[in-house]
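Presented below is the structure to which this report refers.
Numbering (our numbering), first residue to last: 28 to 100.
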């Protein structure tokens, strides 16, 4: 049986991503909190948020302190 096609990225994630200044890595915790505040009931869960961001080229990693950060090349 074939796996179902993944849902397309959420529009709220795409809009949020394009509005950010990606000149510096962003703390993953702060990023998702800001997204939730901005999109409220239209927001997707954190796992979907990160998954959708990676489909747009954003990478999740850690900084020198071991904190989870998101970067966009």
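Note that beta-carbon positions come from the ideal geometry of N, C-alpha and C, so glycine has one too. The structure displayed is predicted, hence computed values, not measured ones.
Cβ separation of residue i and residue j, assumed to be a contact under 8 Å, to the nearest whole Å
| i | j | result |
| --- | --- | --- |
| residue 65 | residue 49 | 16 Å between Cβ atoms; not a contact. |
| residue 36 | residue 72 | Actually they do not touch by this definition, with Cβ atoms about 14 Å apart. |
6 Å Cβ shell around residue i - same chain, five flanking residues per side excluded
| i | result |
| --- | --- |
| residue 39 | 66 and 69 |
| residue 1 | Here the chain covers residues 28 to 100 and nothing more, so residue 1 does not appear. |
Beta-carbon contacts of residue i that lie in its chain and below 7 Å, excluding the five residues immediately before and after
| i | result |
| --- | --- |
| residue 41 | 83 |
| residue 94 | 54 |
| residue 77 | 87 |
| residue 62 | 43, 70 and 76 |
| residue 99 | 49, 84 and 85 |
Buried versus exposed, by CB contacts within 10 Å (16 or more), residue i
| i | result |
| --- | --- |
| residue 74 | exposed |
Residue i - partner residues in DSSP beta bridges
| i | result |
| --- | --- |
| residue 98 | 86 |
| residue 53 | 97 |
Enclosing alpha helix (DSSP H) for residue i [first to last residue]
| i | result |
| --- | --- |
| residue 40 | 38 to 45 |
Cβ-based neighbour list, residue i, same chain, cut-off 8 Å, excluding 5 preceding and 5 following
| i | result |
| --- | --- |
| residue 81 | 87 |
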